[in-house]
Amino acid sequence: MSDAETPAGADQPPATSSKPAVTKSGSDAEPKRPLKIAILSRKASLYSTSRLREAALARGHEAIVVDYLRCYMNITSHRPALIYQGKELTGFDAVIPRIGASHTFYGTAVVRQFEMMGVFPANESQAIARSRDKLRCLQLLAREGIGLPVSGFAHSTKDVQGLIEAVGGAPLVVKLLEGTQGIGVVLCETNQASESVIEAFRGLDANILVQEFIKEAGGADIRAFVVGNKVVAAMLRQGAPGEFRSNLHRGGSASRIKLTPEERSTAVRSAKSMGLRVAGVDMLRSNHGPVVMEVNSSPGLEGIEGSTGKDVAGLIIQYIENNAAAGRTRDRIKG
Ligand SMILES: Nc1ncnc2c1ncn2[C@@H]1O[C@H](COP(=O)(O)OP(=O)(O)OP(=O)(O)O)[C@@H](O)[C@H]1O
Ligand SMILES: [Mg+2]
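One point on numbering: in this note's numbering, the residue at position 164 of the sequence shown is 164, and numbering is uninterrupted.
Have a look at this one:
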């Protein structure tokens, strides 16, 4: 996951920067009624968390950062409750989950508890869980006919040659499913190299993804930030010279980019097929149009605000203002 708020899943530039010179684009509309918003995050000082809180306060709302691992739940019929710092959490209109990749299980349970209390979530617990499972995510995108790199999944097949042929042969990218920040993502130039890498991963008892190498992407990928039915900001991440992985942690750099209409609609459809209202959609520019690598449910704000100058946090708060209503937590996606 490229989710920002987890040390294990961060794909953000090094935390050197202070706030970006964000434009006022997200803050033009006047706030409606003041809302009480919970931001679920391990730490108030994380960039995305503090920006969301700041944006909520600037628009006249109350915003409280809740460390979801320190909440406990009271699962009683007709009266679901959440207790934090010795007090029951009550009266919230909306919740913004910023769940770290390593805490999906407990984090989504806390989001679900808010949903049961009638609180509007920026992303639903089901949608977060769905997108966190990379294979499930690719399967659902494929079902919608969204462009993907030709991909094969395996755990411990003996038919390594068959797997390589199924995705069109070398050059291939082999990925450890549990990898992040580009670690466990290997480019194999020949079938022989692919075979050795797949066998080595098999020895580790790991789930792997074998993918066609999109050479023409030129070591760059696109992050489209979706809020509601729109791409609100997009950046191009370019890998360091000689590096096919664009991860900012591997020395990549981010810049603002204008997307094609096809890229925009691919990003919006991808978020929709996961049931996500707020999503970071990672795509590669291939010869046959955009192909989606991943859809993130807690996309970081630092890289995208820093490279585009947009007030993405403000746009998320505006989206909540326009949509938060008790009971609007129905998830309509199957699977
Ligand atoms: N099939 C591919 N063809 C070309 N380049 C790829 C391909 N898959 C991945 N890459 C490059 O490698 C980078 C890392 O891959 P990926 O995003 O899948 O793994 P990760 O960043 O480790 O995981 P996560 O995004 O889940 O944190 C991508 O950002 C992209 O630049
Ligand atoms: Mg990535």
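Think of the CB as a built atom: it goes at the ideal place given N, C-alpha and C, for glycine as much as any other residue.
Cut-off 7 Å between Cβ atoms - residues of its own chain near valine 65, not counting five sequence neighbours on either side:
The residues are Ile39, Ser41, Ala44, Thr49, Arg53.
Pull up the distance between the alpha-carbon of aspartate 67 and that of histidine 103, whole angstroms please.
Per the coordinates, the alpha-carbon of aspartate 67 lies some 11 Å from the alpha-carbon of histidine 103.
Given 6 Å as the limit, tell me if proline 149 has its C-beta closer than that to any heavy atom belonging to ligand 1.
Yes, the beta carbon of proline 149 sits closer than 6 Å to at least one heavy atom of ligand 1.
So, at 7 Å on beta carbons, what are the nonlocal neighbours of glycine 91 in its own chain, with the 5 sequence-adjacent residues on each side left out?
The residues are Lys36.
Where threonine 260 falls, given that 16 or more other Cβ within 10 Å makes a residue buried:
That one is exposed.
Within the same chain, show all residues whose beta-carbon is closer than 8 Å to that of asparagine 74, passing over the 5 residues directly before and after it, in chain order.
Cβ neighbours of asparagine 74 beyond the five flanking positions: Pro80, Ala81, Leu82, Ile83.
What three-state label does DSSP hand tyrosine 319 in the structure shown?
Residue state, collapsed to three classes: helix.
Through-space distance from tyrosine 72 to serine 194, alpha-carbon basis
Distance between the alpha carbons of serine 194 and tyrosine 72: 46 Å.
Whole-number beta carbon distance between lysine 175 and alanine 233, since they are thought to touch under 8 Å
Between lysine 175 and alanine 233 the Cβ distance is about 26 Å, and since that is not below 8 Å, they are no contact.
DSSP puts alanine 220 in a beta bridge; with which residues?
Partner(s): Gln238.
May I ask you to verify whether the stretch 197-204 touches the stretch 279-296, counting CB pairs closer than 8 Å and requiring at least 3?
Not touching, per the Cβ criterion.
For the alpha helix (DSSP H) containing alanine 200, name the first residue and the last one.
191-203 is the span of the alpha helix (DSSP H), which, as asked, contains alanine 200.
For lysine 36, does the three-state DSSP call read helix, strand or coil?
Lysine 36: strand per DSSP, three-state reduction.
Contact set for threonine 108: own chain, Cβ-Cβ below 7 Å, skip 5 residues either direction
Hits under 7 Å: Ile99, Ser125, Ile128, Ala129.
Is threonine 190 near ligand 1, with its Cβ less than 6 Å from a heavy atom?
Because no heavy atom of ligand 1 lies under 6 Å away, the Cβ of threonine 190 does not count as near it: no.
CB-CB under 8 Å to arginine 250, same chain, minus the five flanking residues each way: which ones, in chain order?
Result list for arginine 250: Gln181, Gly182, Gly239, Ala240, Glu243, in chain order.
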